[in-house]
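Here is the structure we will look at, set down as C-alpha cells.
There are 2 protein chains.
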Amino acid sequence: MGLPKPTAERLSQLARLLEQRGGKNAPLSSAEIEQLTGWPSHTVRKDISLLGIPPEASTTLGYAPALLARAIRERLGFAEKAHPCCVVGLGRLGSAFLDYEGFGDGPFTLVAGFDSNVNRLEILKADFPLYPTFKMKDVIGRLGIEFAVLCVPPAQAQAACDRLVECGIVGVVNFTPVILSVPHGIEVENVSIIDALGTLVARLAARSNQ
Amino acid sequence: MGLPKPTAERLSQLARLLEQRGGKNAPLSSAEIEQLTGWPSHTVRKDISLLGIPPEASTTLGYAPALLARAIRERLGFAEKAHPCCVVGLGRLGSAFLDYEGFGDGPFTLVAGFDSNVNRLEILKADFPLYPTFKMKDVIGRLGIEFAVLCVPPAQAQAACDRLVECGIVGVVNFTPVILSVPHGIEVENVSIIDALGTLVARLAARSNQ
Numbered sequence: 021m022g023l024p025k026p027t028a029e030r031l032s033q034l035a036r037l038l039e040q041r042g043g044k045n046a047p048l049s050s051a052e053i054e055q056l057t058g059w060p061s062h063t064v065r066k067d068i069s070l071l072g073i074p075p076e077a078s079t080t081l082g083y084a085p086a087l088l089a090r091a092i093r094e095r096l097g098f099a100e101k102a103h104p105c106c107v108v109g110l111g112r113l114g115s116a117f118l119d120y121e122g123f124g125d126g127p128f129t130l131v132a133g134f135d136s137n138v139n140r141l142e143i144l145k146a147d148f149p150l151y152p153t154f155k156m157k158d159v160i161g162r163l164g165i166e167f168a169v170l171c172v173p174p175a176q177a178q179a180a181c182d183r184l185v186e187c188g189i190v191g192v193v194n195f196t197p198v199i200l201s202v203p204h205g206i207e208v209e210n211v212s213i214i215d216a217l218g219t220l221v222a223r224l225a226a227r228s229n230q
Numbered sequence: 021m022g023l024p025k026p027t028a029e030r031l032s033q034l035a036r037l038l039e040q041r042g043g044k045n046a047p048l049s050s051a052e053i054e055q056l057t058g059w060p061s062h063t064v065r066k067d068i069s070l071l072g073i074p075p076e077a078s079t080t081l082g083y084a085p086a087l088l089a090r091a092i093r094e095r096l097g098f099a100e101k102a103h104p105c106c107v108v109g110l111g112r113l114g115s116a117f118l119d120y121e122g123f124g125d126g127p128f129t130l131v132a133g134f135d136s137n138v139n140r141l142e143i144l145k146a147d148f149p150l151y152p153t154f155k156m157k158d159v160i161g162r163l164g165i166e167f168a169v170l171c172v173p174p175a176q177a178q179a180a181c182d183r184l185v186e187c188g189i190v191g192v193v194n195f196t197p198v199i200l201s202v203p204h205g206i207e208v209e210n211v212s213i214i215d216a217l218g219t220l221v222a223r224l225a226a227r228s229n230q
C-alpha cells in the first residue's frame, strides 16, 4: 500500500536526519524526534506505524536510528545504489552545489553539471564533469541521470525544464521562482527561500494564535 | 483560532504562487490550484475553508487570486510592510541571494548580509549593505531584522545560529546540512537539496504503489 504523500515526505526527511547524525546509534524516542524535526510526536508515531518497521527497530527506549533509516529508505524505493543527479545552470546558485558538503553517504550523487556558457565551464572546478548544454541528451542518457537541480535564470526555466524532460529526467528540484509545467508522470519539487520564510511566519503566527 | 501547521504552510506557498502569477486575475478552481501545486483539490478546498475568505473571493468559476492571496497574508500575520531579512555567510550559496530575482513585491526583503571575511565583503556587490559579522548585533537591532538565511559552512552553523538568536532573530532558514538546536520560541526551516530530492523519490514511489 502506498504511503500518504505527507507521510512519505516526512519519513524521507527523517531518514536524512538519522543518517546525518552518523554514529549516534542510541535509541530515539518519538519525543526526541519531535525535537529534531519540529513535527508533533503523535505525527511521528503515526508515520512510523504506517511505514511498518521490523520489530528489532523499535525498543522500549525508542527507535533504533540505523534500522529505522534503512526501513524508510527501502519502503520509499531508494535503491541501494546512488541516484545520479545533475545541476543545470551554473551561476552563483548552481555552482554553490559543486562543492556542497551535504551529500555524504546518502542515496544521491551529483554526476554532471550543465551550463550554456562555455567560458563559465572552463573556470569552474568540480568533482564531477561539467558539460555545455548541447551535450545534455547524450550525457543524461549515458549516465542514467534521474533528477535535475534547476538553477537557471527565471527567463530560461521553463525551456530548460522542457529539455530535461525530453532527455528522460523524471524529477526536477526547482530553485527558480518560476512555476514549471511538466507532463504527467514527472515530479517537481519547488525550493524557494520565499516559501521557507513564509513557512516561518506561518508557524510563528500559528503558535501565537494557540 | 490557529490554523493547523500543514494548512498554514500550504496556504503560505499558495499565496506566493498566486502573487507570482502577477496580472493573471481570472478565477482559479481548486482543480487548477491542484495543477499549480500538486496538492489534491480536496485538500485545497479544505485549507481554504479553514482559512475562511470573504464571499467576493469565491465565485462559481473559482477563487479570485488577488483576494485569496490577500486573505491568506492577513490570516497568517504577514504585516503590510515587508519583513526585513538578512543573509549570513556570503560564500557561493549565500552570495547567490544577493541578486535573487524572486523577492518581487512579496512580504520579504533582504536588508543586510554578513560575512566574517572582510576581503570577501569588499568584492561582493549587492543592492543592500554587507557587514562584517562583528556588527551583527548592532545592525540586526537597528534594522529590526526578523529572519536570517543561514548559509555558513557546516562547521560554523550552530555557533552562527546561537549568535543570531542572541541578536534577536525569531526565525532561521537553514541552508546548511546541520541540524540546528534553538531555544523554544525560535523557528527553524531546513532547506535541503537532499530533502528535496528525497521528496521526489518518495512521491514517485507513492505514485507507482497506487
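Quick note, the sequences are listed as chains A and B, same order. Note that the working numbering has the first sequence beginning at 21, numbered continuously upward. Note that the working numbering has the second sequence beginning at 21, numbered continuously upward. Idealized CB from N, CA, C, for every residue including glycine. These figures come from a predicted structure and were not determined experimentally.
Near residue i, which residues of its chain fall below 7 Å by C-beta distance, leaving aside the five closest residues on each side in sequence?
| i | result |
| --- | --- |
| B/Leu170 | Val108, Gly109, Ala177, Ala180, Cys181, Val192, Val193, Asn194, Phe195 and Thr196 |
| B/Ala146 | Leu118 and Gly133 |
| A/Leu184 | Val108, Ala168 and Val192 |
| B/Ser115 | Leu144 |
In the structure shown, what three-state DSSP assignment does residue i receive?
| i | result |
| --- | --- |
| A/Glu207 | strand |
| B/Cys106 | strand |
| B/Thr57 | helix |
| A/Leu87 | helix |
| A/Phe14 | It is not possible to answer for residue 14 of chain A, since the shown part of chain A is limited to 21 through 230. |
| A/Gly22 | coil |
| A/Ser212 | coil |
| A/Gly82 | strand |
| B/Val64 | helix |
| B/Gly218 | helix |
| A/Ala146 | coil |
| B/Leu200 | coil |
| B/Pro174 | helix |
| B/Leu37 | helix |
I'd like to know whether the C-beta of residue i is nearer than 9 Å to at least one C-beta of chain A.
| i | result |
| --- | --- |
| B/Asn210 | yes |
| B/Val108 | no |
| B/Lys72 | Just to set this straight, residue 72 of chain B is Gly in the shown sequence, not Lys. No, no contact with chain A. |
| B/Cys105 | yes |
| B/Arg23 | Correcting the residue identity first, residue 23 of chain B is Leu in this sequence and not Arg. Closer than 9 Å to some Cβ of chain A, the Cβ of B/Leu23 qualifies, so yes. |
| B/Ser32 | yes |
| B/Gln55 | yes |
| B/Ile214 | yes |
| B/Leu220 | yes |
| B/Arg140 | no |
| B/Asp147 | no |
Grab the span of the alpha helix (DSSP H) containing residue i for me, first residue to last.
| i | result |
| --- | --- |
| B/Asn45 | No alpha helix (DSSP H) contains B/Asn45, which DSSP labels as neither H nor E. |
| B/Pro152 | B/Pro152 -> not in any alpha helix (DSSP H); beta strand (DSSP E) instead, spanning Leu150 to Pro152. |
| A/Val185 | Ala177 to Glu186 |
| A/Val138 | Val138 to Ile143 |
| B/Leu163 | Met156 to Leu163 |
Got a sec? Which residues, its chain only, sit under 6 Å from residue i by beta carbon, not counting five neighbours each side?
| i | result |
| --- | --- |
| A/Leu56 | Leu37 |
| A/Glu209 | Val193 |
| A/Thr79 | Pro47 |
Straight-line CA distance for residue i to residue j?
| i | j | result |
| --- | --- | --- |
| A/Ala175 | A/Glu76 | 52 Å |
| A/Ala89 | B/Leu81 | 46 Å |
| B/Arg95 | B/Leu71 | 7 Å |
| B/Glu121 | A/Ile213 | 11 Å |
| A/Ser201 | A/Thr153 | 21 Å |
| B/Lys25 | A/Asn139 | 46 Å |
| B/Gln33 | A/Ala46 | 37 Å |
| B/Ile73 | B/Pro85 | 12 Å |
| B/Glu142 | A/Asp119 | 23 Å |
| A/Asp158 | A/Pro203 | 21 Å |
| B/Trp59 | B/Asn137 | 43 Å |
| A/Ile53 | A/Leu31 | 11 Å |
| B/Glu29 | A/Thr27 | 15 Å |
| A/Tyr151 | A/Asp67 | 41 Å |
| A/Ile160 | B/Ala216 | 20 Å |
Examine chain B for any beta-carbon lying closer than 9 Å to the beta-carbon of residue i, and answer yes or no.
| i | result |
| --- | --- |
| A/Tyr151 | no |
| A/Ile199 | yes |
| A/Gly58 | yes |
| A/Ser115 | yes |
| A/Leu224 | yes |
| A/Phe128 | yes |
| A/Pro203 | no |
| A/Gln178 | no |
| A/Pro76 | The identity of residue 76 of chain A in the sequence shown is Glu, whereas the question assumes Pro. Chain B contact via Cβ: absent. |
Just to confirm the assignment, what range does the beta strand (DSSP E) spanning residue i have?
| i | result |
| --- | --- |
| A/Leu130 | Phe128 to Asp135 |
| A/Gly191 | Gly191 to Asn194 |
| A/Ala168 | Phe167 to Leu170 |
Can you list, in chain order, the residues of its chain whose CB lies under 8 Å from that of residue i, leaving out five sequence neighbours each side?
| i | result |
| --- | --- |
| A/Val190 | Glu166, Phe167, Gly205, Ile206 and Glu207 |
| B/Pro173 | Gly109, Gly111 and Thr196 |
| B/His103 | Pro127, Phe128, Thr129, Glu166 and Phe167 |
| A/Val211 | Val193, Asn194 and Phe195 |
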